Amino acid sequence: MTQPTHTHRERGGRYHEVAQHQGTESLDGQWLVIYQDLDKGIQSATTQADWLANWRELAPDDCPLCMGSGHDHIKGNRDKPCGHCYGLGKVRDDGETPADRWELATVATGIIQRQQDELLNLRRIAGNPAVQSLLEEQRQLAMEDSMARDEHKWRDGRGYGPAGQRYTGD
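Residue 31 is where the sequence shown starts when you use our numbering, and the numbers rise one by one after that.
What follows is the structure in structure tokens.
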């Protein structure tokens, strides 16, 4: 049986990436991803941009039943946690479900550690002086655009002058 390599970001499911090909004729210049839906047993194709936007690759420690979503996979109830991974979406590094609370705590600690590492990396990027100057430039540009938009709205609005025009000093 083919192992799933990806899952849909919103709908879930089990998918296996078969191949990637360069498009021809009307799809010339685009890369196509051929994938197999393991739940339905059919092969389909999509553009690489759609594939990257809507599907995510499964990590080795993602729960094999809920595909890392943490939701009930049997009834499809998003309000109930998966019974295999206890709603974490992750299992032990060997792919087995945690047997007791200590193993579950180890899995949860791994999730927390990965999130802390990612947060620290994002803080380093945000603290870069070049990024700060770019953000300040974007903020200033947005403020100027907002002021200009408000000015045009005021000038085009109803006034008390002739034919409802505003007195603008011209």
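Don't be surprised by glycine CBs; every beta carbon is placed ideally from N, CA and C. These numbers were taken from a predicted model, which means no experiment stands behind them.
Residue i, DSSP secondary structure in three states
i, result
"Ser-202", "Past the boundaries of the shown model lies residue 202; the chain is included only from 31 to 200, so the question cannot be answered."
"Asp-201", "In the structure as shown, the chain starts at 31 and stops at 200, and residue 201 therefore has no counterpart that could be examined."
"Arg-169", "helix"
"Asp-80", "helix"
Where the alpha helix (DSSP H) containing residue i begins and where it ends
i, result
"Gln-146", "131-156"
CA nearest to the CA of residue i, picked from the options
i, options, result
"Lys-120", "Ser-99, Asp-109, Ala-129 and Gly-59", "Ser-99"
"Trp-85", "Glu-55, Gln-143 and His-38", "His-38"
Distance cut-off 6 Å: residue i Cβ against heavy atoms of the ligand MN
i, result
"Gly-113", "This structure lacks the ligand MN; in fact it carries no ligand of any kind."
Endpoints, the beta strand (DSSP E) within which residue i is located
i, result
"Ala-49", "42-52"
"Gln-73", "72-77"
"Glu-87", "85-87"
"Leu-62", "61-67"
Contacts around residue i, its chain only, beta-carbon distance under 6 Å, and the 5 residues preceding and following it disregarded
i, result
"Gly-53", "Gln-60 and Leu-62"
"Asp-92", "Gly-98"
"Asp-69", "Gly-43 and Arg-44"
Neighbourhood of residue i by C-beta distance below 8 Å, restricted to the same chain and skipping five residues each side
i, result
"Glu-87", "Thr-35 and His-36"
Paired residues, beta bridge with residue i - DSSP
i, result
"Lys-120", "Asp-92"
"Pro-111", "His-101"
"Thr-32", "According to DSSP, Thr-32 bridges with nothing at all."
Sequence-distant residues of its chain with Cβ nearer than 7 Å to residue i (five each side left out)
i, result
"His-103", "Leu-95, Cys-96 and Cys-112"
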